[in-house]
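**Student:**
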Amino acid sequence: MRFAASPIRGLRPRGPRSRTQSTLGRTTAGALAPRRTCFAQWNPRMLERNELMRQRLAKIAAVRAAGQVPYPNDFVPTATSTDAYAWFAADPLRLAPFSAIAETSEPVLDAGAVKLPAPWTRMAGRVLAINVKGKVAFLRVQDRAAVHLPAARKNDDDLRETAGLERRNQEGATFQFFFSRDADPETFDALFKPTEGAAWDGPRLDIGDIVGGQGRYFRTKTSEPSLHLAANDEPALRILTKAVRPLPDKWHGLSDTETRLRQRYVDLIVNDDVRETFRRRAKVLQGIRGFLDRAGYVEVETPMMHPILGGAAARPFRTHHNALDMPLYLRIAPELYLKRLVVGGIERVYEINRNFRNEGLSVRHNPEFTMLEFYRAYATYEDLMVEVETLIAELAVAVAGSTTVTWGKNADGTPRVIELQAPFRRVKIRDGLREWGGLTDAQIADEGALRKKAEELGVHIDSHASLGKVQVELFEAIAEPHIVQPTFVMEYPAETSPLARRNDQQPDFVDRFELFIGGIEISNAFSELNDPVDQHERFEAQLLQKAKGDEETMEMDLDYIRALEYGLPPTAGCGIGVDRLVMLLTNSENIREVILFPHMRPELAQKADNAEQTSGDGAGA
RNA sequence: GAGCCGGUAGCUCAGCCGGUAGAGCAGCAGACUUUUAAUCUGUUGGUCGAGGGUUCGAAUCCCUCCCGGCUCACCA
0 MRFAASPIRG
10 LRPRGPRSRT
20 QSTLGRTTAG
30 ALAPRRTCFA
40 QWNPRMLERN
50 ELMRQRLAKI
60 AAVRAAGQVP
70 YPNDFVPTAT
80 STDAYAWFAA
90 DPLRLAPFSA
100 IAETSEPVLD
110 AGAVKLPAPW
120 TRMAGRVLAI
130 NVKGKVAFLR
140 VQDRAAVHLP
150 AARKNDDDLR
160 ETAGLERRNQ
170 EGATFQFFFS
180 RDADPETFDA
190 LFKPTEGAAW
200 DGPRLDIGDI
210 VGGQGRYFRT
220 KTSEPSLHLA
230 ANDEPALRIL
240 TKAVRPLPDK
250 WHGLSDTETR
260 LRQRYVDLIV
270 NDDVRETFRR
280 RAKVLQGIRG
290 FLDRAGYVEV
300 ETPMMHPILG
310 GAAARPFRTH
320 HNALDMPLYL
330 RIAPELYLKR
340 LVVGGIERVY
350 EINRNFRNEG
360 LSVRHNPEFT
370 MLEFYRAYAT
380 YEDLMVEVET
390 LIAELAVAVA
400 GSTTVTWGKN
410 ADGTPRVIEL
420 QAPFRRVKIR
430 DGLREWGGLT
440 DAQIADEGAL
450 RKKAEELGVH
460 IDSHASLGKV
470 QVELFEAIAE
480 PHIVQPTFVM
490 EYPAETSPLA
500 RRNDQQPDFV
510 DRFELFIGGI
520 EISNAFSELN
530 DPVDQHERFE
540 AQLLQKAKGD
550 EETMEMDLDY
560 IRALEYGLPP
570 TAGCGIGVDR
580 LVMLLTNSEN
590 IREVILFPHM
600 RPELAQKADN
610 AEQTSGDGAG
620 A
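In terms of numbering that gives the first Met the number 0, the first sequence has 179 at position 180, counting the first letter as 1, and numbering is strictly consecutive.
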């Protein structure tokens, strides 16, 4: 019943299209209903095929029918778009319109037209726009190097201005192919014009296809750097991969957040800023590794599956090992393993990898996130402050080009400017509560007074929270507007930091800092507790907290105690939330903008359900 | 987990005081030998997120559910 329309559509008179329909019948239209049922059987998602996709599938069938390979893999490009733009910028002669001649020739002036030698070049990429104008066609092609083009294009524009030409308003990071029918009439007609009597008589090239073209560089009448396609022993332009699905609107692009994140591949194709964000993310990782490697740190990988929960206060994901029949946690932090390695003599050690925390999602939280942790023997948390601010300033220059970055907006809507030049400000929790919260020393030591203040401010504080935890939470609420610029917050109470070393003068506090930038926590570090007896007692205190109902406590890790008993050198360790750092350096306010595939509810649940109903109907009809 | 907002053509969106769907782009057909969101002419394309209810009649009103966004809660 649901398919009642299909045969009608198939039989509907199409005028000039009817011949095509009958020709196509073998491949799609004639077997429409049975094929649909078949799709439903092997993959429900195939039901999404629409008219546009059926046309494109027909084009692939037409290529096959002509005895050609629809997905060839023998095309090897000799230049990227970056190479091409560099060639145009390399010689002032190439700034104005010209046509190309063989690279062995000398520049000539022929009938008023400038001709410059240009190398025979092969380029490949995805077609983002097609503009056929009679017997010439313009293609906008995107390749792997195109991510670098915003800068290259700007340079190109600067050069054009220098040369007295108007600035081009090129859309996106692409390179242009120019195809004149004269150069290869057979290919031109096959790709852009209907062909009488062929299996598919319409154009074969679509936006979204991957193509390979060959020819010589030249500039169009309007000075656009282009590749002038020409036939050689092979066609001037070949489709290397046919896209079955159409790309989003060339002007509005893809803006629906859900689709962007679920189909990140499309997002990356059509949104230049997304490609740029992840290129920068790669540079951040590269920069971190370079910085630490130069400082003599060794990169390691420790277990992601932990038998014992530890290293942070967080709820875990649980999993199970079948053969051993034992429960395992996905790690919430690598800390305890990394310090075992320092015991083992790797005195400077770091790991960049995923942590998993079973908590809610937000603009700043993804269940799996990338954490850098590094540990340095014979150093204190104060040494690490210097190391961290140096690292971040260096990364900012490498990735964003300056220690001054903009991130988000101020209350008045203007861009918020953040200065990442070292040194960063240092603030003690107690001082913050006093100065920004208007609290007296007596109040700060009085849990009741602090909770009352929290209530006044509308800050929710867990009833299990100890005095120290109340102090920290209240501080974070009060200080937030004051810690837009990078700030090290220090003097954390011991009970909130079971792995940190006590301060020698004030044993109720630990030698720890958290780094806040733009109001979000970027880093957490402390001098490590290396007294095995104290560590054992603190684990026991954690167990006591757990008994009271705190779900985010650590478990007793006797092997870690044993490691400490062998002797952990005086060590300081630091964790940096890499995703959040990338957010800062890419002006992304949502963590999902810096994670390629952020966690989302599965999309197939509903679709499969729908498809089931549909195929059920189909079988009945 | 709670509150608010949203889901309409491949994409971006109108339509939402009930009368069975529109635009632009993409697609298809035609014209055009240097375009820049090319232009001009014609045209195809829709289980209006899913299910149920009210009604002669539902994209529109009501209920339930699914998915997403924002804010909050928990956290880094």
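Idealized CB from N, CA, C, for every residue including glycine.
Mapping the DSSP letters down to three states, classify K408 as helix, strand or coil.
**Tutor:** Reading the first sequence from its first residue, position 409 is the one you call residue 408. Per DSSP, reduced to three states, the secondary structure at K408 is strand.
**Student:** What is the rounded straight-line gap between the Cα of L108 and the Cα of D90?
**Tutor:** Here residue 108 corresponds to residue number 109 of the first sequence, with the count starting at 1. Here residue 90 corresponds to residue number 91 of the first sequence, with the count starting at 1. If you take the alpha carbons of L108 and D90, they lie about 17 Å apart.
**Student:** For the pair the segment 54-62 and the segment 176-185, tell me if three or more CB-CB distances fall below 8 Å.
**Tutor:** Counting Cβ pairs under 8 Å, fewer than three are found: no touch.
**Student:** Given R598, which residues of its chain have a CB within under 8 Å of its CB, disregarding the five upstream and five downstream residues?
**Tutor:** Your numbering for residue 598 matches position 599 in the first sequence. Per the sequence shown, the amino acid found at residue 598 is His instead of Arg. If we look at H598 and ignore the five residues flanking it on each side, its Cβ neighbours are L360, N365, P366 and E367.
**Student:** In the DSSP assignment, the beta strand (DSSP E) including G576 goes from what residue to what residue?
**Tutor:** Indexing the first sequence from 1 puts residue 576 at position 577. Taken as a continuous stretch (DSSP letters only), the beta strand (DSSP E) holding G576 covers T570 to G576.
**Student:** Please report how far the alpha carbon of V398 lies from the alpha carbon of L583, in whole angstroms.
**Tutor:** Your numbering for residue 398 matches position 399 in the first sequence. Your numbering for residue 583 matches position 584 in the first sequence. Their backbone Cα atoms lie some 11 Å apart in a straight line.
**Student:** What are the complete beta strand (DSSP E) segments, minimum 3 residues, inside the segment 47-111?
**Tutor:** As for any beta strand (DSSP E) of minimum length 3 sitting wholly inside the segment 47-111, the runs are 98-101 and 107-109, ordered along the chain.
**Student:** Identify whether M489 lies in helix, strand or coil by the three-state DSSP scheme.
**Tutor:** Taking the first residue of the first sequence as position 1, residue 489 is located at position 490. Secondary structure of M489 (DSSP, three-state): strand.
**Student:** Cutting at 6 Å between CB atoms, please list the residues of its own chain near T570, excluding the five before and the five after it.
**Tutor:** For the purposes of this step, residue 570 is taken as residue 571 along the first sequence, with counting starting at 1. Short of 6 Å from the beta carbon of T570, and not among the five residues preceding or following it, lie these beta carbons of its own chain, in chain order: V341, Y374, A376 and E527.
**Student:** Given this structure, state the Cα-to-Cα distance separating A478 from A144, to the nearest angstrom.
**Tutor:** Within the first sequence, residue 478 is the residue found at index 479, counting from 1. Within the first sequence, residue 144 is the residue found at index 145, counting from 1. Approximately 44 Å, taken between the alpha carbons.
**Student:** Taking the alpha carbon of D510 as the reference point, which residue from M489, F290 and T81 has its own alpha carbon closest?
**Tutor:** Start at 1 with the first residue of the first sequence, and residue 510 comes out as number 511. For the residues M489, F290 and T81, the minimum Cα distance to D510 belongs to M489.
**Student:** How far does the beta strand (DSSP E) with G211 in it reach, from first residue to last?
**Tutor:** As a first step, residue 211 must be located in the first sequence, where it is residue number 212. Secondary structure note for G211: its beta strand (DSSP E) is the uninterrupted segment I209 to R218.
**Student:** For A410, does the count of other Cβ atoms within 10 angstroms reach 16, so buried, or fall short, so exposed?
**Tutor:** To locate residue 410, count along the first sequence from 1; it is residue 411. A410 should be labelled exposed.
**Student:** For P422, which of helix, strand or coil comes out of DSSP?
**Tutor:** Mapped onto the first sequence, residue 422 falls at position 423. Coil, per DSSP.
**Student:** Roughly how many whole angstroms lie between the Cα atoms of H305 and A281?
**Tutor:** For the purposes of this step, residue 305 is taken as residue 306 along the first sequence, with counting starting at 1. For the purposes of this step, residue 281 is taken as residue 282 along the first sequence, with counting starting at 1. Rounded to whole angstroms, H305 to A281 spans 28 Å at the Cα level.
**Student:** For R600, count the other beta carbons within 10 Å of its own beta carbon; 16 or more makes it buried, fewer makes it exposed. Which is it?
**Tutor:** Here residue 600 is taken as the residue at index 601 of the first sequence, counted from 1. Classification of R600: exposed, given that the 10 Å Cβ count is below 16.
**Student:** Do you know offhand how far A540's Cα is from N502's?
**Tutor:** Counting from 1 along the first sequence, the entry for residue 540 is found at position 541. Counting from 1 along the first sequence, the entry for residue 502 is found at position 503. For A540 and N502, the distance between alpha carbons rounds to 18 Å.
**Student:** Pull up the distance between the alpha-carbon of F487 and that of G518, whole angstroms please.
**Tutor:** Residue numbering aside, residue 487 sits at position 488 when the first sequence is read from its first letter. Residue numbering aside, residue 518 sits at position 519 when the first sequence is read from its first letter. If you take the alpha carbons of F487 and G518, they lie about 12 Å apart.
**Student:** Which partner residues does W119 have in the DSSP bridge list?
**Tutor:** On the first sequence, residue 119 is found 120 positions in, with the first residue counted as 1. DSSP, once it has assigned bridges, lists R215 as partnering W119.
**Student:** Pull up the distance between the alpha-carbon of L236 and that of F217, whole angstroms please.
**Tutor:** What you label residue 236 is simply residue 237 of the first sequence in a count that begins at 1. What you label residue 217 is simply residue 218 of the first sequence in a count that begins at 1. Near 16 Å, if we compare the C-alpha coordinates of F217 and L236.
**Student:** Which complete alpha helix (DSSP H) runs does the segment 297-374 hold, if anything under 4 residues is left out?
**Tutor:** 334-342
**Student:** I345: which of N352, E388, E298 and I351 sits nearest, CA to CA?
**Tutor:** Indexing the first sequence from 1 puts residue 345 at position 346. If we check each option's Cα against that of I345, E298 comes out closest.
**Student:** Between the C-alpha atoms of Q213 and I516, what's the straight-line distance to the nearest angstrom?
**Tutor:** Numbered from 1 along the first sequence, position 214 holds the residue referred to as residue 213. Numbered from 1 along the first sequence, position 517 holds the residue referred to as residue 516. The alpha-carbon atoms of Q213 and I516 are separated by roughly 50 Å.
**Student:** Which one or two residues does DSSP pair with A524 in a beta bridge?
**Tutor:** The count along the first sequence starts at 1 and reaches residue 524 at position 525. A524 is bridged to F512 and C573.
**Student:** So, helix, strand or coil for K282, using DSSP?
**Tutor:** Within the first sequence, residue 282 is the residue found at index 283, counting from 1. Three-state result, K282: helix.
**Student:** Taking DSSP's pairing of strands, which residues face H227 in a bridge?
**Tutor:** What you label residue 227 is simply residue 228 of the first sequence in a count that begins at 1. Answer is F177 and R215.
**Student:** In or out: W199 buried (at least 16 other Cβ within 10 Å) or exposed?
**Tutor:** In the first sequence, residue 199 corresponds to position 200, counting from 1. Under the 10 Å beta carbon count, W199 is surrounded by 16 or more other beta carbons and is classified as buried.
**Student:** Tell me whether I206 sits in a helix, a strand or coil according to DSSP, three-state version.
**Tutor:** By 1-based counting over the first sequence, the position of residue 206 is 207. Three-state DSSP puts I206 in coil, outside helix and strand.
**Student:** Can you tell me the Cα-Cα spacing of D188 and L239, whole angstroms?
**Tutor:** On the first sequence, residue 188 is found 189 positions in, with the first residue counted as 1. On the first sequence, residue 239 is found 240 positions in, with the first residue counted as 1. Distance between the alpha carbons of D188 and L239: 17 Å.
**Student:** State the DSSP-derived secondary structure class of F474, mapped to helix, strand or coil.
**Tutor:** Locating residue 474 in the first sequence gives position 475, counting from the first residue. Three-state result, F474: helix.
**Student:** Looking only at C-alpha atoms, which of A112, D272 and A128 sits nearest to K220?
**Tutor:** Within the first sequence, residue 220 is the residue found at index 221, counting from 1. Residue A112 is the option with its Cα nearest to K220.
**Student:** At the level of alpha carbons, what is the spacing between L127 and N231?
**Tutor:** One-based indexing of the first sequence puts residue 127 at position 128. One-based indexing of the first sequence puts residue 231 at position 232. So the alpha carbons of these two residues sit roughly 25 Å apart.
**Student:** Per DSSP, what are the beta-bridge partners of R288 in this structure?
**Tutor:** If you number the first sequence from 1, residue 288 lands on position 289. Partner(s): none; R288 has no beta bridge.
**Student:** On the three-pair Cβ rule with 8 Å, is the segment 463-475 touching the segment 540-549?
**Tutor:** yes
**Student:** Distance check for E233 and G66, CA to CA, integer angstroms please.
**Tutor:** Numbered from 1 along the first sequence, position 67 holds the residue referred to as residue 66. Numbered from 1 along the first sequence, position 234 holds the residue referred to as residue 233. Their backbone Cα atoms lie some 16 Å apart in a straight line.
**Student:** Should A136 go down as buried or exposed, given a rule of 16 or more other Cβ atoms within 10 Å for buried?
**Tutor:** Mapped onto the first sequence, residue 136 falls at position 137. Looking at its Cβ environment, which holds 16 or more other Cβ atoms inside 10 Å, A136 is buried.
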